[in-house]
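Here's the structure we're looking at; comments come further down.
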Amino acid sequence: MLEIRTASLAQHAAMLALVDAEIRTDVTATCAWDDFPLVLASENRDWQFVAIEGKEVVGCLACLIRPFTTSCGIISVAGIGSVVTTARWRGRGISSRLQRFALERIAASEVPLAVLWTDRPEYYAGCGFGAAGVEYHVDYEDCDLNDLLVTGGQIRPYQDQDTAQVAALYARHPLRTVRAPGDAESLYGMPGTRGLVFVEGQQLRGYLFAGKGADFPDYVTEFGGDSEAVVVLLAEARRRQIATKVLVPQGATALQRLLVARGARWSARPSGYWSVVAADVLRATVSTAASTVARWPDSNDAAAWLGSVDRTGTPHAGALQLAVWGFDSV
Ligand SMILES: CC(C)(COP(=O)(O)OP(=O)(O)OC[C@H]1O[C@@H](n2cnc3c(N)ncnc32)[C@H](O)[C@@H]1OP(=O)(O)O)[C@@H](O)C(=O)NCCC(=O)NCCS
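Here the sequence shown is numbered in the numbering used here, starting from 177 and rising by one per residue.
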């Protein structure tokens, strides 16, 4: 009989094999655990759920819980990923059961929001996930950046010893994940990710990372530092043919404006498929932070809380601004 449970150490190994076989089918690309080092880590087993039939792991789902700085204080979010059912067991409700199991655990932990990323939203709509939030995809391939000069500094590839300074620049973003100790090292050190830094003396003025393992090819997935330095780094990333697009989350749109003024094209997209798991917890948290109750949605509608992008591509602000940067998607 099918059982849904938290992964044991042995089931964790089987889960990694299942996820890798299903979502990293290209053998030359990175492995699933390279691209999702935090959510798939053995230390995160409390948040890795498996469907067991006999002794076989036939389905799985993993969550990564982290606090986020938002426009209304610190709010915990569960990122959900590695959703896989082995091929011969598909279409029998296993993934729906895993989703419901995870959502119960998330609600029980008083984590008010859950998010996942998918190109097949119909698999998740039944459990309440809908497109919400806003982020900007800026295509700077044809942007005029030729006049930009690196003065008084040097651009070079990211090195491990840059991590503390890079993390400090990331922490200056008003909307971001509050990463746990060790997260930055794991994320910036992902195989396949390419980082560039702008250094003046010993001081980092800016950084960017392109790609995330096999994910986000051609995209800058995270940047930080002063906008001028970031734009110079973007020009260099384009010259090195590692990126021509940049994902700009809410709270970091100064860069978007700067690039658009130089001819970049952009589109607004939902930041993910969201579910308001515990509206009461969310309302209590934002009310404490903002000391006003009146403008918060009464509903569990994620788009009312986080904003949305309509069919014409127009973004609509929500009550709450929250950004998930590329590295923090799971
Ligand atoms: C996506 C995947 C996990 C779904 O697993 P599953 O166990 O077959 O899913 P379920 O049978 O529980 O169905 C989940 C929901 O999707 C719907 N669904 C299932 N197959 C579907 C299909 N072919 N087309 C449309 N909807 C479908 C179900 O009706 C159900 O909706 P409900 O919750 O409203 O009842 C599985 O297809 C898979 O492993 N795919 C390969 C890996 C992958 O792409 N993972 C997703 C990464 S984002």
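We treat Cβ as the ideally placed atom computed from N, Cα and C, and that holds for glycine.
Every value quoted in this text rests on a predicted model; they were computed, and no experiment measured them.
Original post:
Going by C-alpha distance, which of Q426, A283 and V291 is nearest H349?
Top reply: If you number the sequence shown from 1, residue 349 lands on position 173. When each option's Cα is compared against that of H349, the closest is Q426.
Original post:
Near A413, which residues of its chain fall below 7 angstroms by C-beta distance, leaving aside the five closest residues on each side in sequence?
Top reply: For this step, residue 413 is matched to residue 237 along the sequence shown. Only L372, L384, A386, V396 and A419 meet the Cβ criterion.
**OP:** Give every residue of the same chain whose Cβ lies closer than 8 angstroms to the Cβ of A499, excluding the five residues on either side of it in the sequence, and list them in chain order.
**Re:** As a working note, residue 499 is residue 323 in the sequence shown. The residues are F244, E311, H349, L351, R352, P425, Q426, G427, A428 and S447.
Subject >> Assigned exposure category for E398 - 16 Cβ within 10 Å defines buried >> reply: As a working note, residue 398 is residue 222 in the sequence shown. Buried is the call here.
**OP:** List the residues that DSSP assigns as beta-bridge partners of W401.
**Re:** Translated into positions along the sequence shown, residue 401 becomes position 225. Looking at the sequence provided, one finds Gly at residue 401 rather than Trp. Answer is G382, bridged to G401.
Subject >> C-beta contact flag for V233 and A190 at 8 angstroms >> reply: Reading the sequence shown from its first residue, position 57 is the one you call residue 233. Reading the sequence shown from its first residue, position 14 is the one you call residue 190. Against a cut-off of 8 angstroms, the Cβ pair of A190 and V233 comes out as a contact.
Original post:
Quick one, which of R181, L185, P213 and S184 has its alpha-carbon nearest G365's?
Top reply: On the sequence shown, residue 365 is found 189 positions in, with the first residue counted as 1. Nearest C-alpha to G365: P213.
Original post:
What do you reckon, is the C-beta of S505 under 7 angstroms from a heavy atom of ligand 3?
Top reply: Ligand 3 is not among the ligands present in this structure, which contains only ligand 1.
Original post:
Apart from the five residues just before and just after T206, which ones in its own chain have a Cβ nearer than 8 angstroms to its Cβ?
Top reply: Here the question's residue 206 lines up with position 30 in the sequence shown. Contacts found: R200, M366, P367, G368, G389 and A390.
Subject >> Residue from W501, I270, T490 and W450 with nearest C-alpha to N476 >> reply: Position 300 of the sequence shown holds residue 476. Selected option, being the one with the closest Cα: W450.
**OP:** Could you check how far apart the C-beta atoms of A405 and F374 are, in whole angstroms? I think they sit under 8 angstroms.
**Re:** Locating residue 405 in the sequence shown gives position 229, counting from the first residue. Locating residue 374 in the sequence shown gives position 198, counting from the first residue. Indeed they touch by this definition, with Cβ atoms about 4 angstroms apart.
**OP:** Tell me whether A479 sits in a helix, a strand or coil according to DSSP, three-state version.
**Re:** Locating residue 479 in the sequence shown gives position 303, where the first residue counts as 1. In this structure, A479 counts as helix in the three-state DSSP scheme.
Original post:
Cα separation between G439 and D320?
Top reply: Looking up residue 439 in the sequence shown gives position 263. Looking up residue 320 in the sequence shown gives position 144. G439 and D320: Cα-Cα distance of roughly 6 angstroms.
Original post:
Hey, L137 and A227: beta-carbon distance below 8 angstroms or not?
Top reply: This structure leaves residue 137 out entirely; the chain is present only between 177 and 506.
Original post:
Distance, Cα to Cα, A254 vs D323?
Top reply: Indexing the sequence shown from 1 puts residue 254 at position 78. Indexing the sequence shown from 1 puts residue 323 at position 147. Rounded to whole angstroms, A254 to D323 spans 43 angstroms at the Cα level.
**OP:** Verify the contact flag: S259, CB atom, against every heavy atom of ligand 1, threshold strictly below 7 angstroms.
**Re:** The residue given as residue 259 occupies position 83 in the sequence shown. Looking at the sequence provided, one finds Val at residue 259 rather than Ser. Yes, Cβ of V259 sits closer than 7 angstroms to a heavy atom of ligand 1.
Original post:
Since Y449 is in the beta strand (DSSP E), which residue starts that stretch and which ends it?
Top reply: Taking the sequence shown and counting its residues from 1, the one referred to as residue 449 is at position 273. Y449 -> beta strand (DSSP E) spans G448 to V452.
Subject >> For W209, the first and last residue of its enclosing alpha helix (DSSP H) >> reply: The sequence position of residue 209 within the sequence shown is 33, counting from 1. Residues A208 to D211.
**OP:** Report yes if the C-beta of E447 is less than 7 angstroms from at least one heavy atom of ligand 1; otherwise report no.
**Re:** Within the sequence shown, residue 447 is the residue found at index 271, counting from 1. Glu is not the amino acid found at residue 447; the sequence shown has Ser there. Every heavy atom of ligand 1 is 7 angstroms or more from the Cβ of S447, so no.
**OP:** Check the C-beta distance from A495 over to A480 and give it rounded, since I have them as a contact under 8 angstroms.
**Re:** Taking the first residue of the sequence shown as 1, we reach residue 495 at position 319. Taking the first residue of the sequence shown as 1, we reach residue 480 at position 304. About 7 angstroms separates the two Cβ atoms, so the contact holds.
Original post:
Any heavy atom of ligand 1 closer than 7 angstroms to the Cβ of E198?
Top reply: Position 22 of the sequence shown, counted from the first residue, corresponds to residue 198. Within the cutoff, so yes.
Subject >> Between the CA atoms of A307 and V291 - distance to the nearest angstrom >> reply: Within the sequence shown, numbered from 1, the residue matching residue 291 stands at position 115. Within the sequence shown, numbered from 1, the residue matching residue 307 stands at position 131. Rounded to whole angstroms, the separation of the alpha carbons of A307 and V291 is 9 angstroms.
Subject >> Spatial neighbours of D402 in its chain, beta-carbon cut-off 7 angstroms, leaving aside the 5 residues before and after >> reply: Your numbering for residue 402 matches position 226 in the sequence shown. So the qualifying residues of the chain are R381 and G382.
Subject >> Where the beta strand (DSSP E) containing E123 begins and where it ends >> reply: This structure leaves residue 123 out entirely; the chain is present only between 177 and 506.
Original post:
Using CA coordinates, which residue listed in I256, A284 and G483 is at the minimum distance from V457?
Top reply: Stepping through the sequence shown from its first residue, residue 457 is reached at position 281. Cα-wise, what sits closest to V457 is A284.
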